[in-house]
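For the sequence shown, our numbering begins at 17 and goes up steadily by one. Cβ coordinates follow ideal geometry from the N, Cα and C atoms, glycine included. Notes follow the structure.
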Amino acid sequence: MKIAFIGGGNMGEAMLAAVLARALAQPESISVSDVSHKRLEHLKKQYSVTVTPDNPEAISDKDIIILAVKPQNLAEVMAELKDNLNPAQLILSIIAGAKISTIFLGLTHNAVVRAMPNAPARVGEGMSVWTATSDVTDQQKQAAKSILGAMGRELYVDDEAYLDMATAISGSGPAYFFLMVEALVDAAIEIGLPREMAQELVLQTMLGSGKFIRQSGASPAELRRKVTSPGGTTAAALAQFEKGGFGGLVRRAVKAAYERAKELGK
Ligand SMILES: NC(=O)c1ccc[n+]([C@@H]2O[C@H](COP(=O)([O-])OP(=O)(O)OC[C@H]3O[C@@H](n4cnc5c(N)ncnc54)[C@H](OP(=O)(O)O)[C@@H]3O)[C@@H](O)[C@H]2O)c1
17 MKIAFIGGGN
27 MGEAMLAAVL
37 ARALAQPESI
47 SVSDVSHKRL
57 EHLKKQYSVT
67 VTPDNPEAIS
77 DKDIIILAVK
87 PQNLAEVMAE
97 LKDNLNPAQL
107 ILSIIAGAKI
117 STIFLGLTHN
127 AVVRAMPNAP
137 ARVGEGMSVW
147 TATSDVTDQQ
157 KQAAKSILGA
167 MGRELYVDDE
177 AYLDMATAIS
187 GSGPAYFFLM
197 VEALVDAAIE
207 IGLPREMAQE
217 LVLQTMLGSG
227 KFIRQSGASP
237 AELRRKVTSP
247 GGTTAAALAQ
257 FEKGGFGGLV
267 RRAVKAAYER
277 AKELGK
């Protein structure tokens, strides 16, 4: 397939690297456009793809056009692309908060996929939730699925409302995890562990526990109960989490992200 990336920043590059690693497209069938010449030079050198500062030039003859600019640049990009599209092309937007209706109206184009990937896509462990308009063909859906799947896991939903919810969970979720890691490392240092050792212990514990949940098939609550002996060390810590209202705090945080996602889409 022939792909154009509009915006070759963090996420654009992650998608580009994943597409090439899975050989979903060859470098000669890929164009990337970006306002940053430095980014373009880097991408050309690193991936041997065609680069251009001209957005309309990048999309000519392409099957799929990936919109990977920041939300504040979407309007200018749409104004440039609008008269240069053909109906057979698929728009795949990963722009947070940009609704399908906004893209449809801005481009007067029917075939649109909206996806919400997340930061671990950069290491092939992403979670992308996506939806498509009814004009997207099965073949185009398959192509979108393979591109998003190249960055980790992907989940198709038939209701766009789920995208804002996914934004609050998988989209913003990596930051929640980083915050938890930070807090645990700080606490580990406070009880006397050297920083490097604290980081190693925390990271491997988080990674291992994630894998454990995934592979065991048990629920998190079940696993938590299994590792918590009455009157033991884990029980002492969990009592403090409960006392501090951990569950309620997480619910409030997620709700705030969800409300913000809906607001940004207005
Ligand atoms: N990063 C994530 O984890 C993540 C997760 C989910 C969704 N997303 C979405 O992915 C999109 C891209 O995020 P990102 O982190 O990759 O941002 P980024 O690193 O800033 O990449 C955007 C790129 O687009 C360029 N650009 C700006 N205006 C342009 C224009 N008119 N035409 C072409 N290129 C233009 C930027 O250049 P300058 O820097 O010079 O302006 C930059 O290189 C965002 O909409 C975001 O909501 C990101």
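Straight-line spacing of the CA atoms in I185 and K18 works out to 32 Å. By the Cβ rule, the region 85-95 counts as touching the region 18-36, because three or more pairs are nearer than 8 Å. Sequence-distant Cβ neighbours of D202 in its own chain, meaning closer than 7 Å and more than five residues away, do not exist here. Segment contact: the region 161-180 against the region 135-144, three or more CB-CB distances shorter than 8 Å; contact assigned. Per DSSP, E44 lies in no alpha helix (DSSP H) segment and is marked neither H nor E.
Taking 4 residues as the shortest admissible run, the region 214-247 contains the following complete alpha helix (DSSP H) segments, listed from N- to C-terminal end: 236-242. By the Cβ-count criterion, T183 is buried, with 16 or more other Cβ atoms from all chains shown falling within 10 Å of its own Cβ. Contact between the region 117-134 and the region 145-157 is present: 3 or more CB-CB pairs across the two stretches fall below 8 Å. Annotated three-state conformation of G165 is helix, per DSSP. The beta carbon of E206 is closer than 7 Å to none in its chain, skipping five residues each way along the sequence. At a Cβ-Cβ threshold of 9 Å, L106 and A91 do not count as neighbours. Secondary structure at T249: helix, using DSSP grouped into helix, strand and coil. V93 and S76 have their C-alpha atoms some 15 Å from each other.
Ranked by Cα distance from H53, the options D70, L40 and A41 are led by D70.
Within the chosen limit of 8 Å, ligand 1 does not reach the beta carbon of A184 with any heavy atom.
No heavy atom of ligand 1 is found nearer than 8 Å to the CB of E279. At least one heavy atom of ligand 1 lies less than 8 Å from the C-beta of M132.
Shown here for S45: same chain residues with a beta carbon closer than 6 Å to its own, the five before and five after excluded, namely K18 in chain order. Only exposed fits A234, as fewer than 16 other CB atoms lie within 10 angstroms of its CB. Nearest to L108 by alpha-carbon distance, out of V197, L265, I81 and R230, is I81. The shortest C-alpha to C-alpha distance from P190 to any of R55, K98, A273 and D99 is the one to A273.
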